[in-house]
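First the structure, in the form of structure tokens, and then the observations on it.
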Amino acid sequence: MKGYANVLNVLVRICFWLVIIGIVVLGIGTALLLISPGLLPMDLSAVPGLTVGGNAVSMELFSSFRTPMMILMGAVVVQLVLLLVMLSKISAALQEVIAETPFSEKCSKALNTAAVLTLISGILSIVMNFYSVFALSDLSGGNVSAQIRISLSFIVTFLFLKMLAGIATFGREEQ
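This note's numbering numbers the first residue of the sequence shown as -17 and each following residue consecutively.
Structure (structure tokens):
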């Protein structure tokens, strides 16, 4: 069990650092667009691949949807921060398993916190999905369809983490 926990902890730490890089890049990009949108090239139609419904994106179109996009980018940064804290809690629980104390109070608290953060992040993703469809619905111009797609897999992750926290608590009470 200790070997598996070591491998999982290495994977969690790799993910942790990748999320930190993502937060920094997205945070800087969001801040720059919010503070100084003049950094964008004025002729957005010249940017390859930047299209909506097959039509090139003009600066006027970008400017009209700047606020909803900034809100969505900010929400993604919040989700990444939640993921960062969640990964740190899972790493703390794995450290307890590596130390051969999987039934410690620290382990069950870390797993409970990770479960709650998973639930909050999942609900935030649903809200972001609905917001993006309604806030960006005028973007279509008649030839782009907006769809709501929701993954409820966070519920399974939440229940799994709560179950593991319950096992840690039960094990501690039985000792």
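A virtual CB, placed ideally from N, CA and C, is assigned to each residue, including glycine.
Residue i in three-state terms, based on DSSP
i: Ile5; result: helix
i: Glu155; result: helix
i: Arg(-5); result: helix
i: Met(-17); result: coil
i: Glu10; result: Sequence check: residue 10 is Ile here, not Glu. Reduced to three states, the DSSP call for Ile10 is helix.
i: Leu134; result: coil
i: Thr139; result: helix
6 angstroms CB neighbourhood of residue i in its chain, flanking five on each side removed
i: Gly4; result: Leu62
Own chain partners of residue i with C-beta closer than 7 angstroms, once the 5 adjacent residues on each side are dropped
i: Leu143; result: Leu93, Ala96, Ala97 and Thr100
i: Phe85; result: Ala150, Gly153, Arg154 and Gln157
i: Leu146; result: Leu93
Continuous alpha helix (DSSP H) stretch holding residue i: start and end
i: Arg48; result: Arg48 to Ile80
i: Ile102; result: Glu87 to Ala117
Residues near residue i in its chain [Cβ-Cβ closer than 8 angstroms; skip 5 each side]
i: Lys(-16); result: Val79, Ile80 and Glu82
i: Leu8; result: Met55, Val58, Val59 and Leu62
i: Asn(-9); result: Ser73, Leu76, Gln77 and Ile80
i: Ser103; result: Gln61, Leu64, Leu65, Met68 and Phe136
i: Ile108; result: Ile132
Closest by C-alpha distance to residue i, when choosing among the options
i: Lys88; options: Ile72, Ser103 and Ala57; result: Ile72
i: Ile53; options: Gln77, Gly11 and Ser90; result: Gly11
i: Gly148; options: Lys91, Asn(-9), Leu14 and Ser18; result: Lys91
i: Thr49; options: Leu141, Leu118 and Val109; result: Leu118
i: Val(-6); options: Ala74, Leu14, Ile108 and Phe47; result: Ala74
i: Met167; options: Leu134, Val138 and Phe116; result: No answer is possible for residue 167: it lies beyond the span of the chain, which begins at -17 and ends at 157.
i: Ser114; options: Phe47, Leu14, Asn(-12) and Ala13; result: Phe47
Inset, instruction - Would you check if there are 3 or more beta carbon pairs closer than 8 angstroms linking the stretch 63 to 81 to the stretch -13 to 4? - result: The stretch 63 to 81, when compared against the stretch -13 to 4, does touch it at the 8 angstroms Cβ threshold.
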